[in-house]
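Engineer: Residue numbers (my numbering), protein chains in the order written: chain Y, 1 to 362; chain S, 1001 to 1310. Beta carbons are placed, not taken as given, at the ideal position from N, Cα and C, and that holds for glycine. Dumping the structure here so I can ask a few things about it.
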Amino acid sequence: MVRLEKRPSPSAFWQWATPVLAVVLTMIAGGIMFALLGKNPVEAIRTIFWDPLFNEQFAAYSRPQLLVKAGPLILIAVGLSLGFRAGIWNIGAEGQYIMGAIFGAGVGLALYPVETRWVFPLMVVAGVFGGWLWAMIPAILKTRFNTNEILVSLLLVYVAQNILASMSLGLLRNPEGGGFPGSRNLGQIPAMANPELIPGTGMHWGVIAAFVVVIAAYVMLQRHILGFHIKLSGQAPRAARFAGVSPQRLVVLCMGISGALAGAAGLFEVAGPSGQISIDFNVGYGFTAIIVAFLGRLNPIGILLAGLLMALTYIGGELASFMLSLPSAAIQAFQGMLLFFLLAVDLLTNYRVRFGAKREVA
Amino acid sequence: MDIGGINPAILIASLMVASVPIILAAIGELVVEKAGVLNLGVEGMMIMGAICGFATAVGTGNPYLGFVGGAAGAMALALVFGFLTQFLLANQVATGLALTLFGLGLSSMIGQGYVGIKPPATQKLELGPLADIPFFGTILFEHDWMVYMSIAIIAAVWAVLKYTRTGLILRAVGESHDAAHALGYKVRRIRMLAVLFGGAMSGLGGAYISLIRVPQWTDGITAGAGWIALAIVVFASWKPWRVLLGAYLFGGITVLQLNLQAAGARIPVEYLSMSPYLITILVLVIMSSGKGKAALNAPAALGQNFHASR
């Protein structure tokens, strides 16, 4: 008989080994899924995980994309991980990402055609503010009315999507666009663009921000009292309250930080790789970032690596749908599967698996 | 008798149709939560039900088998959720989210070949002269069988939870799994069955969307219905009949805004389409703020994993 025995403290080895194990298991299960779709599983997995980085034909295009895709994922996931650690579930990062993009682009376009280098920093501030504001709605409702933040933050994604549609058809539409939906291309306006800083790397301001945030979050969790409070609230909520941690303040802080970072990610995306506000501007980074946060074990350094890996699956998925005509939705299912395996093998961190019947003690 | 170009009898009749998916998904989730499990994957299970039901109905040409297929597809996903949370003790919130992300991806993958196909039509129930009653005939007696079925399911869940031993055991497990375990009830097995029931109901709801309400297949067809169902369970403070009330309220707003769009109201379409979500949030706020009454009624062990140490 299989039995589970709770470990006195989480296993340090499995804490780092489970994400790796989950990735391997996902590759196997994903291979089976691709085989069922009639593709060669080995070739599909190689196209997703190997070719974007090392195939001479594609690497030149794909390698820079790695940072472009990883930047927003890491930025959002680090913010989310703080809340997840404290048991505060902001799952509406997608909406905050959209609102950040709208606020940032809105400020930029309102100033058009001003040509000073202060426009872009101003847009960043507006983007951060937009995401923060959108996250404050579930936070305030949680602290004032005890409303479930999971449901409110998620429902607000649908509201944000409708606002996005309205903006790209109305207020922010390019007046010189011949009536097509979508804003002016911010990437082509020097004062507002978020360009590739070093050619051929994909490095833009958003990626730099992501690296800075990873370091800042790491330092905060290790050295700052706020980081301690966050960890304490997640592990022992009762003890945290006795220690004088205000749960309400923590909700506002964690939701605010994650919203602000998601908003910043949205702004960097709209001013850089995406270029314009359009109806289908958001591609689900806000949801994938949830997987990234868990895959990185809610640890900033882990999230950095997980973000790169998840970016790789995006690029590899595109490549596979182009080369092997693998359905593009397959990669989304693949990413979901990864989260399943991760949560499943996480058992090994907190429990020992014992075989055989339990021995009676004394 | 029209008000602003909208016929109230037809409005109420279509409200009843619009709320069926939410009723089904919400009553399923209510049972799951009564057993102390929080499954946030309703959206994912619904959309799997939508595509599996659609594929089965198109494949067999039989809409009734379609509903069976939808329920089975969603139950398969619920099984994964149950196994992860009950046997591998995974975090329920995270597993539910994974279910939704995975369901959305998988459904769109399966659905690729089904875009633009029409499913076999489901017949309306022939109720003869009843349908000819003015006003009420249109509202009550011109529906497909699932509309009546959904109300019957609510009645059944209410009766089982309130009057039977099964219902009592289910609630005991949801209020205190340790006490239920000490009394000798199989906590994991009971929760597993509840999760599967919730999956089947979500699947029926999803299949209803793709087979009757829309009826066709598009990516992301459920459009947040699963999340609204979750909100309606809170709104209903875990009471079956209030699920009906909440679902009709939501259905009414959905239908009303669609009618306003069609009637060419001066409010932009986007603001009308976001109104159901905003109203749901508003309702959640009202319910949860009323001196914590709704919160008091929540099953005490909701969202907590059970590990028998003895």
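Please state whether DSSP places E176(Y) in a helix, a strand or coil.
Structural biologist: The residue given as residue 176(Y) occupies position 176 in the first sequence. It is coil, neither helix nor strand.
Engineer: Count the other C-beta atoms from every protein chain shown that fall within 10 angstroms of the C-beta of N1297(S), then say buried if there are 16 or more, exposed otherwise.
Structural biologist: The residue you call residue 1297(S) lines up with position 297 of the second sequence. By the neighbour-count rule (16 or more Cβ atoms within 10 Å), N1297(S) is not buried but exposed.
Engineer: Determine the chain S residues that contact Q332(Y) at a beta-carbon separation under 9 Å, and present them in chain order.
Structural biologist: Along the first sequence, read from residue 1 onward, the residue named residue 332(Y) stands at position 332. Within chain S, the residues near Q332(Y) are L1101, F1102, L1104, G1105, L1106, S1108, M1109.
Engineer: Our contact map puts V212(Y) next to I301(Y) with C-beta atoms below 8 Å; I'd like the distance itself, whole angstroms only.
Structural biologist: In the first sequence, the residue the question calls residue 212(Y) occupies position 212. In the first sequence, the residue the question calls residue 301(Y) occupies position 301. Rounded, the Cβ-Cβ distance is 14 Å, inconsistent with contact.
Engineer: Residue range of the beta strand (DSSP E) that E43(Y) falls in?
Structural biologist: Along the first sequence, one-based indexing puts residue 43(Y) at 43. Per DSSP, E43(Y) belongs to no beta strand (DSSP E); it is in the alpha helix (DSSP H), 41-49.
Engineer: Taking only heavy atoms of the ligand MG into account, decide whether any of them is closer than 7 Å to the Cβ of A70(Y).
Structural biologist: This structure lacks the ligand MG; in fact it carries no ligand of any kind.
Engineer: Quick test of the definition: if touching needs 3 or more C-beta pairs under 8 Å, does the region 203-210 of chain Y touch the region 290-300 of chain Y?
Structural biologist: no
Engineer: Which residue wins for smallest C-alpha separation from S1107(S), given the options L1015(S), D1178(S), L1077(S), A1155(S)?
Structural biologist: Taking the first residue of the second sequence as position 1, residue 1107(S) is located at position 107. Considering only alpha carbons, the answer is L1077(S).
Engineer: Are the CB atoms of T147(Y) and V1285(S) nearer to each other than 8 Å?
Structural biologist: Numbered from 1 along the first sequence, position 147 holds the residue referred to as residue 147(Y). Numbered from 1 along the second sequence, position 285 holds the residue referred to as residue 1285(S). For the 8 Å CB-CB criterion, T147(Y) and V1285(S) form a contact.
Engineer: Where does A362(Y) sit, in a helix, a strand or coil, going by DSSP?
Structural biologist: Against the first sequence, residue 362(Y) aligns to sequence position 362. With a pLDDT of 49 at A362(Y), under the threshold of 50, the modelled position of this residue cannot be trusted; read the value that follows with caution. Coil, per DSSP.
Engineer: Quick check on DSSP: helix, strand or coil for E5(Y)?
Structural biologist: The residue given as residue 5(Y) occupies position 5 in the first sequence. Strand.
Engineer: Please go through the same chain and pick out, in chain order, the residues whose beta-carbon is closer than 6 Å to the beta-carbon of N185(Y), but skip the five residues on each side of it.
Structural biologist: The residue you call residue 185(Y) lines up with position 185 of the first sequence. Counting only Cβ-Cβ distances below 6 Å, and skipping sequence neighbours, we find G275, Q276.
Engineer: Give me the chain Y residues within the contact set of P1240(S), using Cβ-Cβ distance strictly less than 8 Å, ordered along the chain.
Structural biologist: Position 240 of the second sequence, counting from 1, holds the residue named residue 1240(S). Within chain Y, no residue comes near P1240(S); the closest Cβ sits about 20 Å away, beyond 8 Å.
Engineer: Curious, which full-length alpha helix (DSSP H) runs of at least 4 residues does the region 216-280 of chain Y contain?
Structural biologist: 225-235, 237-242, 247-271
Engineer: Mind pulling the chain S residues with CB within less than 8 Å of L250(Y)?
Structural biologist: One-based indexing of the first sequence puts residue 250(Y) at position 250. Contact note: L250(Y) does not reach chain S at a C-beta cutoff of 8 Å; the least C-beta distance is about 17 Å.
Engineer: Quick one: does A1298(S) have its CB under 8 Å from some CB of chain Y?
Structural biologist: Translated into the one-based positions of the second sequence, residue 1298(S) becomes position 298. No, A1298(S) does not count as interfacial toward chain Y.
Engineer: Give the range of the beta strand (DSSP E) segment to which Y351(Y) is assigned.
Structural biologist: Taking the first residue of the first sequence as 1, we reach residue 351(Y) at position 351. Where Y351(Y) is concerned, the enclosing beta strand (DSSP E) stretches over 351-355.
Engineer: Kindly identify the DSSP beta-bridge partner or partners of D1144(S).
Structural biologist: Position 144 of the second sequence, counted from the start, is the residue given in the question as residue 1144(S). Looking at the DSSP assignment, D1144(S) forms a beta bridge with K1124(S).
Engineer: The alpha helix (DSSP H) with P64(Y) in it runs from where to where?
Structural biologist: Here residue 64(Y) refers to the residue found at position 64 of the first sequence. Unbroken alpha helix (DSSP H) run through P64(Y): 56-85.
Engineer: Looking at chain C, which residues of the region 73-100 of chain Y have a Cβ within less than 7 Å of any of its Cβ atoms?
Structural biologist: Of the protein chains in the structure, Y and S, none is chain C.
Engineer: Less than 8 Å between CB atoms is the rule here; does F145(Y) satisfy it with respect to chain S?
Structural biologist: By 1-based counting over the first sequence, the position of residue 145(Y) is 145. Output row for F145(Y): interface = yes.
Engineer: Give every residue of the same chain whose Cβ lies closer than 7 Å to the Cβ of V86(Y), excluding the five residues on either side of it in the sequence, and list them in chain order.
Structural biologist: For the purposes of this step, residue 86(Y) is taken as the residue at position 86 of the first sequence. In the sequence on display, residue 86(Y) carries Ala and not Val. Answer for A86(Y): I230, S233, G234, L250, C254, listed in chain order.
Engineer: Return the residue from the list L82(Y), A35(Y), E43(Y) that minimises the CA-CA distance to Q222(Y).
Structural biologist: In the first sequence, residue 222(Y) corresponds to position 222, counting from 1. When each option's Cα is compared against that of Q222(Y), the closest is L82(Y).
Engineer: Have a look at L37(Y) and V1187(S) and give me their C-alpha separation to the nearest angstrom.
Structural biologist: Residue 37(Y) sits at position 37 when you count from the first residue of the first sequence. Residue 1187(S) sits at position 187 when you count from the first residue of the second sequence. Using only the alpha carbons, I get a separation of about 38 Å.
Engineer: Go through the region 1245-1300 of chain S residue by residue and report every complete run of the alpha helix (DSSP H) that reaches 4 residues or more, in order.
Structural biologist: 1269-1289, 1293-1297
Engineer: Could you say if the region 1031-1048 of chain S and the region 1192-1207 of chain S meet the contact criterion of at least three C-beta pairs nearer than 8 Å?
Structural biologist: yes
Engineer: Using three-state DSSP, classify E115(Y) as helix, strand or coil.
Structural biologist: One-based indexing of the first sequence puts residue 115(Y) at position 115. Reduced to three states, the DSSP call for E115(Y) is coil.
Engineer: G1111(S) and I1051(S): beta carbons closer than 8 Å?
Structural biologist: In the second sequence, counting from the first residue as 1, residue 1111(S) sits at position 111. In the second sequence, counting from the first residue as 1, residue 1051(S) sits at position 51. It is a contact, given that the beta carbons lie within the stated cut-off.
Engineer: Measuring CA to CA, which of H1307(S), M1016(S), Y1271(S) is closest to A165(Y)?
Structural biologist: Start at 1 with the first residue of the first sequence, and residue 165(Y) comes out as number 165. Each of H1307(S), M1016(S), Y1271(S) was checked against the Cα of A165(Y), and the nearest Cα belongs to Y1271(S).
Engineer: With a threshold of 7 Å on Cβ separation, who are the neighbours of I1212(S) within its own chain once the five nearest residues in sequence on each side are excluded?
Structural biologist: On the second sequence, residue 1212(S) is found 212 positions in, with the first residue counted as 1. Cβ neighbours of I1212(S) beyond the five flanking positions: T1122, D1144, M1146.
Engineer: Looking at chain S, which residues of the region 305-338 of chain Y have a Cβ within less than 8 Å of any of its Cβ atoms?
Structural biologist: Taken in chain order, the members of the region 305-338 of chain Y whose beta-carbon sits within less than 8 Å of a beta-carbon on chain S are P327, A329, A330, I331, Q332, A333, F334, Q335, G336, M337.
Engineer: How about S417(Y) and A93(Y): do their beta carbons lie closer than 8 Å?
Structural biologist: In the structure as shown, chain Y starts at 1 and stops at 362, and residue 417(Y) therefore has no counterpart that could be examined.
Engineer: Return the residues of the region 1274-1287 of chain S that lie within a Cβ-Cβ distance of less than 7 Å from chain Y, sorted by chain order.
Structural biologist: M1274, Y1277, L1278, T1280, I1281, L1284, V1285
Engineer: Can you have a look at G1059(S) and say buried or exposed, based on whether 16 or more other CB atoms are within 10 angstroms of its CB?
Structural biologist: Residue numbering aside, residue 1059(S) sits at position 59 when the second sequence is read from its first letter. Under this definition G1059(S) is an exposed residue.
Engineer: Does any residue of chain S have a CB that is nearer than 8 Å to the CB of I431(Y)?
Structural biologist: Chain Y is shown only over 1 to 362; residue 431(Y) falls outside these bounds and no answer can be derived.
Engineer: To the nearest angstrom, report how far apart G1205(S) and G1069(S) are at their CA atoms.
Structural biologist: Start at 1 with the first residue of the second sequence, and residue 1205(S) comes out as number 205. Start at 1 with the first residue of the second sequence, and residue 1069(S) comes out as number 69. Whole-angstrom Cα-Cα distance: 12 Å.
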